[in-house]
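Okay, so here's the structure we're looking at.
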Amino acid sequence: MRVIDIQQVMAELPQLIAQAAEGKSFVIAVEGTPKVKVVPLGPENGSGSKRIGFLRGQIEVPDDFDSMGM
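In this text, residue positions in the sequence shown follow the numbering used here: the first is 10, and each later residue adds one.
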């Protein structure tokens with residue numbers, strides 16, 4: 010995995026963000042010591058796009074749902 014010094018990160022941040030968005034991970038180092046791992050977001054770690062409708066057809070919402078519990 011690519012290790013990038015913090016000074017280089019600050020100079021190239023827009024390009025590094027674009028690379029991460031394309032799926033490329035990297036590590037940020039401070040004075041040669043790895044400190045942070047940058048990974049792209051995906052369904053398994055944050056976007057949630059695969060979760061919408063995951064129970065479709067498996068549950069039924071009653072017609073009086075809005076009045077329940079009042």
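All C-beta atoms in this analysis are idealised placements derived from N, C-alpha and C, irrespective of residue type, glycine included.
(message) Please identify the residue among Ala30, Val47 and Asp73 whose C-alpha is closest to the C-alpha of Ile13.
(response) Val47
(message) Helix, strand or coil for Val18? Go by DSSP, reduced to three states.
(response) helix
(message) Can you list, in chain order, the residues of its chain with a C-beta nearer than 8 Å to that of Ala38? Leave out the 5 residues immediately preceding and following it.
(response) Only Val12, Ile13, Asp14, Ile15 and Lys44 meet the Cβ criterion.
(message) Do Ser34 and Pro23 have their beta-carbon atoms positioned less than 8 Å apart in this structure?
(response) For Pro23 and Ser34, no; Cβs fall outside 8 Å.
(message) Does Phe63 come out as helix, strand or coil in the three-state DSSP assignment?
(response) coil
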